[in-house]
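Residue numbers (the working numbering): 2 to 474.
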């Protein structure tokens with residue numbers, strides 16, 4: 002039988018080991034733009050040759066490092082565009098020693114320079130991903146048929162990761178070891194590949210604008226009001242959200258949803274300083290998101306996620322359950338690629354922590370009411386009456402702003418007038434109506450009528466029984 006020359010058989014084994022890497026045609030994924038990646042990949046292959054009259058071993062290593070690399074998958078063979086942004090740096094070495102029938106052969110191959118990140122494909126439906134990368138080609142020498150040496154290479158080498166479990170779409174990392182027999186039973190091989198790639202988060206020319214009540218004036222004019230009781234909403238604030246490109250640029254990304262949160266929300270007893278006279282022991286926040294506008298909730302409702310059918314706008318509602326409630330609103334847009342964009346009040350660079358209602362920092366009183374009433378401090382109680390040296394009526398400006406339920410209706414008090422509460426039945430008020438007018442004229446005090454039958458004042462006669470924040474007497 003004619004014997005196959007040694008160097009031909011040895012080269013065949015080399016080809017078998019190298020051919021374990023072959024580019025795979027990847028299906029194009031239009032669901033997400035191709036991302037850039039930073040990281041590294043490595044590979045090590047060790048082969049042991051053991052056959053009658055033939056022994057040897059080989060070792061091939063490769064390493065590639067990438068910075069802000071854009072994968073080049075899907076490019077056509079005749080694509081002449083600049084593909085330099087897919088490149089990284091790396092090295093590729095190969096060493097083989099073998100002896101056959103007493104004749105030895107050594108092959109050495111080295112390469113350094115450009116490596117290529119060919120593809121990164123994330124399949125969110127299957128929760129898997131694929132990676133394909135190429136190391137630099139190597140060149141070297143190997144044994145020749147005449148017993149001398151000849152040139153070897155150039156030879157390519159790379160890795161393929163297929164259907165690996167996806168844990169974090171922004172960080173792909175793992176190790177994979179494969180062992181097996183060489184074709185024809187000529188020996189065994191062990192191949193280990195490692196990879197660690199992190200998605201590059203590029204700055205986005207996008208901003209989220211938050212518009213309470215649709216405009217700066219609407220936002221400033223909004224003042225909280227309670228409903229009929231602690232579980233019935235009163236005044237409602239509309240929150241409009243808009244994702245847009247910065248500086249008038251086109252919007253290139255879409256929002257999947259918006260997340261809104263209320264924090265530092267007040268929990269004042271009851272709904273006003275006087276009502277109900279026995280507030281619920283479990284006080285819910287005074288400002289709450291309306292999860293279902295037609296249904297009253299008994300939950301805290303301090304966070305809400307709203308969808309965005311068009312990918313750029315959304316809406317939410319905040320309901321008031323107290324005359325003096327306050328909170329801080331923050332909003333985030335969740336983009337299709339899961340990045341978060343913080344909301345800003347009305348304009349680029351606007352406040353991210355939005356005070357509800359609009360008020361001066363450190364105050365609890367809404368700015369609109371404060372401006373209309375000579376801008377008192379929350380604890381002020383300075384009303385004056387002619388021929389009376391005792392200023393104030395015992396209620397702080399915040400308590401008068403928070404208001405009362407009187408005669409079955411909600412009303413705010415006046416921080417610039419001394420007021421006095423009168424508790425009586427409707428019948429009594431009708432009988433003494435003229436006398437109350439005389440009292441008002443004589444004392445310069447403003448009467449506030451409370452309905453005895455509606456239980457609007459507690460038995461101890463305290464008007465501000467539900468006082469908590471900015472409470473004095």
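C-beta atoms are modelled at their ideal positions from N, C-alpha and C, and glycine is treated no differently.
Does any heavy atom of the ligand SAH sit closer than 6 Å to the C-beta of residue 399?
-> Summarising the ligand content, the structure contains no ligands, and the ligand SAH is consequently not present.
Looking only at C-alpha atoms, which of 233, 243, 203 sits nearest to residue 215?
-> 243
Please specify which runs of the beta strand (DSSP E), each continuous and at least 3 residues long, are wholly inside the stretch 214-289, giving them in chain order.
-> 237-246, 256-264
Tell me the DSSP bridge mates of residue 451?
-> 424
Check whether residue 306 and residue 195 have beta carbons under 7 Å apart | no
Residue closest to residue 301, alpha-carbon to alpha-carbon, out of 311, 262, 336, 277 = 262
Beta-bridge partners of residue 104, as assigned by DSSP = 101
Check each candidate in 410, 472, 461 and name the one with the smallest Cα separation from residue 449.
-> 410
State the Cα-Cα distance for the pair residue 144 and residue 165, rounded to the nearest angstrom.
-> The alpha-carbon atoms of residue 144 and residue 165 are separated by roughly 40 Å.
Span separating the alpha-carbon of residue 346 from that of residue 360 = 14 Å
Where the beta strand (DSSP E) through residue 187 begins and ends | Where residue 187 is concerned, there is no enclosing beta strand (DSSP E), given that its DSSP letter is neither H nor E.
For residue 223, collect the residues of the same chain with a Cβ closer than 6 Å to its Cβ; drop the 5 residues on either side in sequence, then sort them by chain order.
-> 214, 238, 358
Of the choices 241, 73, 294, whose alpha-carbon is the least far from that of residue 235?
-> 294
From this set, 173, 167, 89, which residue's C-alpha is nearest residue 135's C-alpha?
-> 89
Compute the Euclidean distance between the alpha carbons of residue 255 and residue 313, then round it to the nearest angstrom.
-> 6 Å
Going by the CB atoms, is the gap between residue 355 and residue 318 shorter than 7 Å?
-> Going by beta carbons, residue 318 and residue 355 fall outside the 7 Å limit.
Looking at C-beta atoms only, is the number of pairs between the stretch 175-187 and the stretch 93-108 that lie closer than 8 Å three or more?
-> no
With respect to the beta strand (DSSP E) encompassing residue 442, which residues constitute its N-terminal and C-terminal limits?
-> Boundaries around residue 442 are those of the alpha helix (DSSP H), 434-444, since no beta strand (DSSP E) includes it.
Contact the stretch 119-136 vs the stretch 94-102: 3+ CB pairs below 8 Å = no
Using 10 angstroms around the beta-carbon of residue 64, count the other beta-carbons present and answer buried if the total reaches 16, otherwise exposed.
-> buried
Does DSSP classify residue 314 as helix, strand or coil?
-> strand
Which of helix, strand or coil DSSP assigns to residue 430 | helix
Can residue 406 and residue 276 be called in contact, C-beta distance under 7 Å?
-> yes
Counting only runs that start and end within the stretch 339-421, where is the alpha helix (DSSP H) found for 4 or more residues in a row?
-> 368-373, 398-403
Does the Cβ-Cβ distance between residue 259 and residue 334 come in under 7 Å?
-> yes
What is the rounded straight-line gap between the Cα of residue 114 and the Cα of residue 210?
-> 47 Å
Could you give the DSSP three-state label for residue 66: helix, strand or coil?
-> strand
Exposed or buried, residue 299, counting other C-beta atoms within 10 Å across all chains shown (16 or more means buried)?
-> exposed
Cβ shell of residue 221 (< 7 Å), same chain only, five flanking positions each side left out = 359, 368, 369
Take residue 203 as the anchor and find which of 292, 68, 132, 280 has the nearest alpha-carbon.
-> 68
Within its chain, find whatever has a CB closer than 6 Å to the CB of residue 284; leave out the 5 residues flanking it on each side and keep chain order.
-> 268
Where does residue 176 land, buried or exposed, given buried means 16+ other C-beta within 10 angstroms?
-> exposed
Measure the C-alpha to C-alpha separation of residue 140 and residue 152 and round it to an integer number of angstroms.
-> Taking C-alpha positions only, residue 140 is separated from residue 152 by approximately 8 Å.
Would residue 14 be called buried (16 or more neighbouring beta carbons within 10 Å of its own) or exposed?
-> Interpretation of residue 14 is limited by its pLDDT of 48, a score under 50 that renders its predicted location unreliable; the figure taken from the coordinates is listed afterwards. Classification for residue 14: buried.
Where does the unbroken beta strand (DSSP E) through residue 309 begin, and where does it stop?
-> Here residue 309 belongs to no beta strand (DSSP E), and DSSP marks it neither H nor E.
Assign residue 191 to one of three DSSP states: helix, strand, or coil.
-> strand
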